[in-house]
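These notes concern the structure reproduced below.
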Amino acid sequence: MTTEKKCFDQDGYFHVEGVVTAQDLKKVEKDIFSFARLFAKKINHDTDPQEPRKSKANGKGNNKIKINNEKDFSDFCVFLEKYNPAYFFEFIRLVSKLSSVLNFVNTIVKDKLLKITSNILNEKTSNLLTSYPPAFLVNPPKNKRILYHWHNAKNGYPKRNSYVNYWIPLITDKTSKNGTLLVGDKSHHQDYPHLEYKETSKYGDVALTQNLISDKLVNKFKKITVKCKVGSCWGMHRYLLHSSSLNRSNKCSYVLVFKIWSIAND
């Protein structure tokens, strides 16, 4: 039995180091920043997130957009979420469809995760499927609107019975302070009832749909705060209880989420 399968069976999750090369990380990061500059131009956003500057000649934005590093990108995401949540969701949805992001996930799956998943699910690698596009998730500082509350993957994908849910940090490491993953240790041995709801009283039409599992069930388990470096990943059982945590830092953090599954038990 592999280490990953043992942890998956006993704890409901496992950690894999070195799933991504530094070169691949830099490539996808560079392309995400480039796309952010294009998106910023499309909405006429300038370098100042509070008050975009206007050209004296024609009243239009001067297009001096600088999104070249982690801080620039974080500032843009924070601006975009405050400026127009619908634009923000569209932006992160499109990031997940970038060719470089899809190639990035495909490389990780082919080189590292396919064999691991095959061992865990007891399925040939040739029979495994990968969810495309992945979900690109952004956790802005002090933002509660887009936090996912306690849930499991199964309630979002009720017709899939055999898969591993993968969670991979991008751009910056996930720490206990910058909005990471919380998991209920060994909470994967049973399914849980859930309530689908949206906090429209607080957030209106831009509230997230939550598949909420009761605190009474969640509190039975020890909560693990995930610390995960860029270049490594976590894999989770479909029943495992998990949640996102509030980002208490001054910059955004980011992950890609996708699944590798078999249709054998569907």
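Heads up: the sequence shown begins at 27 in the working numbering, then just goes up one per residue. We put the beta carbon where it would ideally sit given N, CA and C, even for glycine.
With DSSP run on the structure shown, which of helix, strand or coil describes residue i?
i      : result
GLU96  : helix
VAL46  : coil
ASN129 : helix
GLY85  : With a pLDDT of 41 at GLY85, under the threshold of 50, the modelled position of that residue is not reliable, and the figure given next carries that caveat. If DSSP states are grouped into helix, strand and coil, GLY85 belongs with coil.
THR235 : strand
ILE142 : helix
ILE194 : strand
LYS80  : Only weak support is given to the placement of LYS80: the predicted model assigns it a pLDDT of 44, under 50, and the question is left unresolved by the model.
SER258 : coil
Of all the options the options, which has the alpha carbon lying nearest to the alpha carbon of residue i?
i      : options                        : result
ASN140 : SER157, SER125, ASN204         : Here the sequence assigns Leu to residue 140, which means Asn is not the residue at that position. Nearest of SER157, SER125, ASN204 to LEU140, Cα basis: SER157.
HIS268 : LYS242, ASP292, SER213, HIS41  : SER213
PRO111 : SER275, VAL232, TYR265         : VAL232
LEU124 : LYS248, LYS224, ALA62, VAL42   : ALA62
ASN145 : ARG274, SER188, LYS170, PHE114 : SER188
TYR223 : HIS263, GLY182, LYS248         : GLY182
LYS67  : ALA48, ASP57, ARG171, LYS92    : LYS92
GLY205 : ARG186, PHE40, TYR192, SER275  : SER275
PHE40  : MET262, SER279, TRP287, ASP292 : MET262
LYS248 : ASP50, LEU208, GLY257          : LEU208
SER288 : ASN191, PHE59, GLU107, MET27   : ASN191
SER270 : GLY210, ALA290, ASP292         : GLY210
Need the endpoints of the beta strand (DSSP E) that residue i sits in, please.
i      : result
VAL135 : Element bounds for VAL135: n/a, residue is neither H nor E.
LEU282 : 279-287
THR251 : 249-251
CYS33  : Note, CYS33: premise wrong, no beta strand (DSSP E); alpha helix (DSSP H) at 29-37.
SER275 : Neither: SER275 is in no beta strand (DSSP E) and is coded neither H nor E.
HIS263 : It is not in any beta strand (DSSP E) - HIS263 carries neither H nor E in the DSSP assignment.
Considering just the uninterrupted stretch of the alpha helix (DSSP H) at residue i, what are its terminal residues?
i      : result
TYR113 : 111-121
LEU243 : 241-244
Is any non-hydrogen atom of the ligand FAD found closer than 7 Å to the C-beta of residue i, if you look at the structure I gave you?
i     : result
GLY38 : Absence of the ligand FAD is noted for the structure shown, with no ligands found whatsoever.
Original post:
Counting pairs of Cβ atoms below 8 Å between the region 138-158 and the region 89-108, do you hit three or more?
Top reply: no
**OP:** Kindly provide the ranges of any beta strand (DSSP E) runs that are 3 or more residues long and lie completely inside the region 199-226, ordered along the chain.
**Re:** 207-210, 221-224
Original post:
Touching or not, the region 159-171 and the region 282-290, by the rule of three or more beta carbon pairs under 8 Å?
Top reply: yes
Original post:
Can you list the beta strand (DSSP E) stretches of 3 or more residues lying completely in the region 150-190, in chain order?
Top reply: 161-165
Original post:
Are the region 98-115 and the region 125-143 touching, with three or more C-beta to C-beta distances below 8 Å?
Top reply: no
Original post:
Is the region 108-121 in contact with the region 204-220, if contact means three or more CB pairs nearer than 8 Å?
Top reply: no
**OP:** Spell out a yes or no on whether the region 242-253 and the region 199-206 are touching, meaning 3 or more CB-CB pairs, one atom from each, closer than 8 Å.
**Re:** yes
**OP:** May I ask you to verify whether the region 165-179 touches the region 232-247, counting CB pairs closer than 8 Å and requiring at least 3?
**Re:** yes
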